[in-house]
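**Student:**
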Amino acid sequence: MDQEVFLMSLSRRRFLESASLGTAALGAIAGKLAGADDAATSGPKSTIPTRVLGRTGKRVSVLAMGGGSRFLQFSTDALAIDAINHAIDQGITYMDTAYGYANGLSETRIGLVMATRRKEVFLADKFADRNGDQAMRRVEASLKRLKTDHLDLLNIHSLTDEEDLASIEAPNGVLKRFLQLRDQKVAGALGITSHTDPTVLAKAIDRNDFDCVQMALNAARVGMKGGTGNMLINPDMKTSFETVALPIAVRKNMGVIAMKIYAADGLVGQATPEKLIQYSLSLPQVALCVIGMPKLEHIAENCRIARAFSPMPKGEMQEMGDRLSTKNKLALDMFLHNHRDEYAVA
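Position in the sequence shown (first residue = 1) + 9 = my numbering.
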């Protein structure tokens, strides 16, 4: 699949999904702000499998509710609140958000639920600021939106290249200040995220004291960027987050969070959701998958898949990875290299 075809199919899927939120989703959800407390106390809570998040020692659900662009497709706060409560009731204990998701809107919506259900959730937030002082101010404001005094996981968001890593590690950079927040128990753990360059991420986690890492881990083995500048390596080579960064995370007993399971929808239709989730959860050290779920039925279906999980045999993983990466990995790498997680709404 070449880059132009991939992007056209991706845009079409997103348009169709967004359009479908009209009558069907609104009629099915029909939430209200007052419904948050009702949902928190209605009926028995379901469960899905849990795993220990590496050296944090914390046990989390193998499925996380992503707070990015898919979550922001819920058109009102009331609908978003219903979705979060539904996810928690289904057994999801990990909530992932970022300030960059509509300049705090995702945090605000999650905070409306955290006001009553904070103890039920492992809460992870991400910040793209590289200046330490600016990042500290951002965290303070985000905690207020989330209606909490601490984060279970504080992430440096979206590492890109060597220059970006240098700014993170600079004396006045965000890493130094976030380490202080961990020492002060404002954050239970410290992490970093990337879907751009596996080699740079490998350096970051090898030489710094991170507890967790969130990276693009899917059956198409995206993230093939390497060499110098923006040069792409030969697509037949196996450089990837899975082969370069993941082994370091395993060696350091880090908590590993898999993202881009569907490769920003690029793998939809080429493999079933069951197989895509199964592949990522079968990788070593992976504790959970973060998935954006813009409809209640998506939450229910992904939770059903998580409950039925069993490890994928190595031979099947190899076949699936070879098949999907041969067809997709170069186009996906180019797409994710330029993709930014920040998301704004009109």
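Backbone N, C-alpha and C fix where the C-beta goes; we use that ideal spot for every residue, glycine too. Predicted model, so just to flag it, every value in this text is computed and none were measured.
Taking the straight line between their C-alpha atoms, what separation do you get for His159 and Thr169?
**Tutor:** 27 Å
**Student:** Comparing alpha-carbon positions, which option in Gln189, Glu171 and Gly197 lies nearest Lys67?
**Tutor:** Gly197
**Student:** Determine the contact status of Asn140 and Asn181, defining contact as a CB-CB distance below 8 Å.
**Tutor:** yes
**Student:** At 3 residues or longer, what runs of the beta strand (DSSP E) sit wholly inside the stretch 174-203?
**Tutor:** Restricted to the stretch 174-203, the beta strand (DSSP E) segments that are unbroken, complete and at least 3 residues in length are 199-203, listed in chain order.
**Student:** When the Cα atoms are used, what is the spatial distance from Pro58 to Phe318?
**Tutor:** 8 Å
**Student:** Leaving out five residues before and five after Thr117 in sequence, what residues of the same chain have Cβ atoms less than 6 Å from its Cβ?
**Tutor:** Arg154
**Student:** Report, in whole angstroms, the separation of the C-beta atoms of Ile286 and Ile314, which I expect to be a contact under 8 Å.
**Tutor:** 5 Å
**Student:** What would DSSP say about Gln279, mapped onto helix, strand or coil?
**Tutor:** In this structure, Gln279 counts as coil in the three-state DSSP scheme.
**Student:** Pull up the distance between the alpha-carbon of Phe187 and that of Phe250, whole angstroms please.
**Tutor:** 24 Å
**Student:** Could you check if Arg146 is buried or exposed, using at least 16 other CB atoms within 10 Å of its CB as the buried criterion?
**Tutor:** exposed
**Student:** Between Arg22 and Val265, what straight-line distance do the alpha-carbon atoms span, to the nearest angstrom?
**Tutor:** Any reading at Arg22 must be qualified, since the residue scores a pLDDT of 41, below 50, and its modelled position is unreliable; the value itself is stated next. Answer to the nearest angstrom: the Cα atoms are 29 Å apart.
**Student:** Could you check if Val209 is buried or exposed, using at least 16 other CB atoms within 10 Å of its CB as the buried criterion?
**Tutor:** If you draw a 10 Å sphere on the C-beta of Val209, you find 16 or more other C-beta atoms in it, and that means buried.
**Student:** Count the CB pairs spanning the stretch 317-335 and the stretch 96-106 that are closer than 8 Å, and state whether there are at least three.
**Tutor:** no
**Student:** I need the straight-line Cα distance from Asn112 to Gln82, nearest angstrom please.
**Tutor:** 15 Å
**Student:** Hey, could you find the ends of the beta strand (DSSP E) Lys135 is sitting in?
**Tutor:** Phe131 to Phe136
**Student:** Taking only the alpha-carbon atoms, compute the straight-line gap between Met123 and Leu152 and give it to the nearest angstrom.
**Tutor:** If I take the Cα positions, the gap works out to 11 Å.
**Student:** Inspect the beta-carbon positions of Met263 and Val299 and report whether they are closer than 8 Å.
**Tutor:** no
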